[in-house]
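Protein chains in written order, with the numbering used here: chain A, 1344 to 1725; chain B, 154 to 628.
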C-alpha cells in the first residue's frame, strides 16, 4: 500500500474515499463511465486517487439515480456531488500562485475585482493616447489621420503596441498559471504503482484529446447521460460545445488577426468578410448561445448533483464569456459609430478580466479534466 | 391520492414483478394503479439491489455470449432446487426468458454485457446498465408515460375477497385508510424477510442476529392476508435464502456491498475460536448461499473469516475495513474470541496444511489432512502478518413461502383458482424455486410472471368489462 502524500484530508476527500470504498464493493455503475473503471484498478484510495477520479467525473447523474445507496440511505452515496466539491479543492490545491486559491471560494468577488482592474487598465491605456494627443495639441496631422481612417480604427483609441503589451502580459500570465496548475495537478494524481507515467509520453494523449473534444463520456453508452432521473437530453453537451468551440473560434480570430498584422502588415479594421471577423462572429455567437444555454440548464438542474462550491463557479464564468462576446459583437457591429472608443474600452475590460481570471475560475475544470483523461487513457492502454 | 374510481388492474407492490405486470396490463389499454408501500426514494423492493436476470438464448447477442439452452437452464434450476419445482411453470419461465431482453428494452430498460468481476455470468445473465435501481427507474418512467397511477407510501392492510373474487384493497395512505377497487388484482408484494416478528416465530431468538440484505418493506402483509383468505401456500415456510455477510452491515438494505468474498482464502471460526466447516469445499460463488445457515447455527450467530497478508488483493474489497493485527493472539483480542483457542486452532490448521500449488481459479491441491473439518482446497498456512478478520452474520436475501399459482398466474384458493387474483415475483417464486438459488433467476421469474399476471389481469378485467357491458345492454 502507498503512503498518502497529503496526510491531512479534507471532508470532501474523506467522503470521496468512503464513497469509492462502497462503490468498489458494488460496481453496478462500472459500465457508465471511466470513473468506475479507474476505480476498479484500485483497492484503496489516496487523496491523489480521489482527486483524479473526481476530475474524471463529468457530473452527469447516472450513478446517483442508479444508486441503491443514495441518500437517504445511511451510506449516503452521491458521487457527482461529492466529487464536484472535491474538484474545487483540487483546483485550489493546484492554483498558482498559491495565495490566489481563495478566489475559487469567492467567484463573484474575483470577477468583480478583475473587471474593475480590467476597466481601469483599458481606460488608462486609452488615456495615454489622449494625453499624447493633448500634448501634441491635436495636431492637424493627427486629426486628419483620425478622419481619414474613420472611427473604426481601434488603434486610434489604444495604440497597437500598447494593446499587444497589455494583452501579451495578461495572456502570458494566464498561460503560465494554467501550465503550472496542470503540472501540479498531474503530479498530485500520479500513481507510481500504476504505470501511467512510465508509458510512452504521447500514449493516450491523442485518444484523451478526442475524449475531451467530443465530450465522449457525456454520451459514452450511445445515448446522452441523464440530466435528471430518466431524462436523457443532448442539450448540456451541445451547449458546452457551443461554448467551448465558440471560445476556440474567438481565440483563432485573434490569432489570425495577429498574424495578419505581424506577418503581412495588414492592419485592422478588417472587412466583415475577412477571416478574423468571420471566425470572431461565429465564435462570438457560440459564446452567446452556449453560456445562456448552460445557465438555463444549471437553473433547472437537480441540486443533488452538484455541490454549491462547484455550482457557484458556473454563473460568473458563463456571464463573463457571454458579456465578452456580446461587447465584442457590438463593437464589431457599431465600429463606425462615434461612441466606438467607449465600446472598445468596455470590451477590452471584459477580455482582460476574463483572461486574468481564467486560472482562478470554472475555466480550469477543462485543464484538470484533460489531465485526468490523459491519465485514464494511459492507464487503460498501458 | 387514489381517486375513488374503479381501476381495471390494481398492482400491490412496486418491484420488478409489479411494474412488469402494470406495464403488461397498461400496454393493452387497462387502467392500472400501482400501490407501492415504500416512499419514492426507496421504491422497487428488493429489485433495487439486483443486477441481472438469467435468460436462455440460442446464439450470442450484444449482451450475452455463446448460448444458454432451454435444457441447460432447466438443468440448472432442477439442480439448485433439488427437484422442488413445478416443472411446467419452470419451463414456462425458462422459455419466456428468451424474449425478456427485447421486451425490457421496449420499456426503456438499458442492458449491458457483464464486465470484469462478473465474467462467469457473461453467458447466462443479462446485466442492467447501472443495476436494479436504474432498471426500476426505467420501468417507473415507462409506467408514468403510459398513465399508470403510482401511489407511494401505500400500505395494503386489508383485502376484500368474496367467493374467490377480489373486490377491493384497504390501503393506508398518509395515515388514512381508503378502499382501492379494481376488477383484477396482481399480488407482487414480495416475501416476509423483513418482518422480524415473523422471522422470530420460525427461528426464535437467533433471528435477532439476522441482518436483512434488502428492503425493510417486505413484511409479508399481503402474503399473510392471502394465506388467511385461503390461498394455497407453496415453498417451505421455514426456509430462507441466507448468505454470510459482514456483521457490521446495516440491519436492512445493505445490499451487495456487505458481502465478503474471502471465506475460501482463509479459515472461519466461531466465537469460541473453533472452525466448523470446510471453507474450501467449492468455488465461493457456489458456496456463498450455504454460509448464511452455517453462521446462523453458531453461538450468537456470529463467525469470523480470518486471512493473512497472502490473501490481500485476491478478493473483491469489502466496504468495511478489515480488523487487522500483527499476531493471531492480538487479533483474537480485537474480535473477542479466546486467544488461546484461536491460536491453537490456527496452529493445528497450519500444521495440517499439505504442500500444494495454490490456484484460486481452480479446485487446487492445497488441502489439510487430519482436521475435523478439513479444508479441501486453497488451504494455505496463516503465517504472514498482518492478520485480518471480518465478522460474519447471516444475511437474509428472501423467503421461500408464497402462494401457489397456475400457468396463468392465477392464485390457487382452496376451492380452485381465484377468478381475478394473480401473483408475480417473490410472493409466488416458491412455485419454481422451492429451495436454493441460481444468480438472476428471481428477476427472471418476476419479469416473466409479472408479464403473465399483468396480461391475465387485463384479460380478466376486460372480459369482466365486456360481460358487464353485455349485462348492461341486456338490462
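Ideal Cβ positions, reconstructed from N, Cα and C, are used throughout, including at glycine.
Using beta-carbon distances, residue 1375 (chain A) counts as an interface residue toward chain B, with a partner under 8 Å. In terms of CA proximity to residue 1701 (chain A), A:1457 leads the group A:1457, A:1464 and A:1567.
Taken through DSSP and simplified to helix, strand or coil, residue 407 (chain B) comes out as coil. At a C-beta separation below 7 Å, residue 515 (chain B) has no neighbours in chain A, since its nearest C-beta there lies roughly 23 Å away. The shortest CA-to-CA distance from residue 1558 (chain A) to any of A:1400, A:1382, A:1671 and A:1356 is the one to A:1400.
Between the stretch 1455 to 1470 of chain A and the stretch 1495 to 1509 of chain A, the count of Cβ pairs shorter than 8 Å is three or higher; the stretches touch. The C-beta of residue 404 (chain B) has fewer than 16 other C-beta atoms within 10 Å across all chains shown, which makes the residue exposed. Against chain A, the beta carbon of residue 366 (chain B) has no neighbour under 9 Å; the closest one sits roughly 11 Å away.
Beta-bridge annotation (DSSP): residue 540 (chain B) is paired with B:478. Counting along the chain, no beta strand (DSSP E) covers residue 558 (chain B), and no H or E run does either.
Those residues of the stretch 272 to 286 of chain B placed with their C-beta closer than 9 Å to a C-beta in chain A are 280, 281, 282, 283, 284, 285 and 286, ordered along the chain.
The distance from the Cβ of residue 1591 (chain A) to that of residue 1402 (chain A) is about 22 Å, inconsistent with a contact at the 8 Å cut-off.
Sequence-distant Cβ neighbours of residue 337 (chain B) in its own chain, meaning closer than 6 Å and more than five residues away, are 162, 573, 610, 613 and 614.
For the alpha helix (DSSP H) assignment, the uninterrupted runs of no fewer than 4 residues enclosed by the stretch 472 to 524 of chain B are, from N- to C-terminal side, 481 to 488 and 492 to 505. A straight line joining the alpha-carbon of residue 1655 (chain A) with that of residue 585 (chain B) spans about 55 Å. Within chain A, the residues placing a beta-carbon under 7 Å from that of residue 265 (chain B) are 1374, ordered along the chain. With 16 or more other Cβ atoms from the protein chains shown falling within 10 Å of its own Cβ, residue 242 (chain B) counts as buried.
CA-to-CA, the gap between residue 213 (chain B) and residue 278 (chain B) works out to about 12 Å. By the criterion of at least three beta-carbon pairs nearer than 8 Å, the stretch 524 to 541 of chain B is not in contact with the stretch 558 to 567 of chain B. Between residue 347 (chain B) and residue 374 (chain B), the CB-CB gap reaches or exceeds 8 Å. In the DSSP assignment, residue 1525 (chain A) falls outside any beta strand (DSSP E) and lies within the alpha helix (DSSP H) extending over 1503 to 1532. No Cβ-Cβ contact shorter than 8 Å links residue 197 (chain B) with residue 235 (chain B). In the three-state DSSP reduction, residue 1684 (chain A) falls in the helix class (H, G or I). Unbroken beta strand (DSSP E) runs of no fewer than 3 residues, entirely contained in the stretch 257 to 336 of chain B, are found at 278 to 281, 302 to 304, 307 to 315 and 318 to 326, following chain order. Under the Cβ distance rule, residue 1615 (chain A) does not count among the residues neighbouring chain B, no pair being separated by less than 8 Å. A straight line joining the alpha-carbon of residue 459 (chain B) with that of residue 498 (chain B) spans about 11 Å. With contacts defined as CB atoms closer than 8 Å, residue 509 (chain B) and residue 517 (chain B) qualify as a contacting pair.
Per DSSP, the unbroken beta strand (DSSP E) holding residue 399 (chain B) starts and ends at 393 to 399. Scanning its chain for C-beta atoms nearer than 6 Å, with the 5 sequence neighbours on each side dropped, one finds around residue 603 (chain B) the residues 170, 173, 174 and 577, in chain order. When CB distances to chain A are screened at a threshold of 7 Å, the residues of the stretch 386 to 404 of chain B falling below it are 403, in chain order. Taking a C-beta distance under 8 Å as the contact criterion, residue 1705 (chain A) and residue 1641 (chain A) do not qualify as a contact pair. When rounded, the separation of the alpha-carbon atoms in residue 439 (chain B) and residue 433 (chain B) is 11 Å. DSSP, read as helix, strand or coil, puts residue 161 (chain B) in strand. Here the alpha carbons of residue 372 (chain B) and residue 400 (chain B) stand approximately 22 Å from one another. In this structure, residue 601 (chain B) sits away from residue 291 (chain B), with a CB-CB distance that is not shorter than 8 Å.
Counting only the Cα atoms, residue 377 (chain B) lies some 14 Å from residue 314 (chain B).
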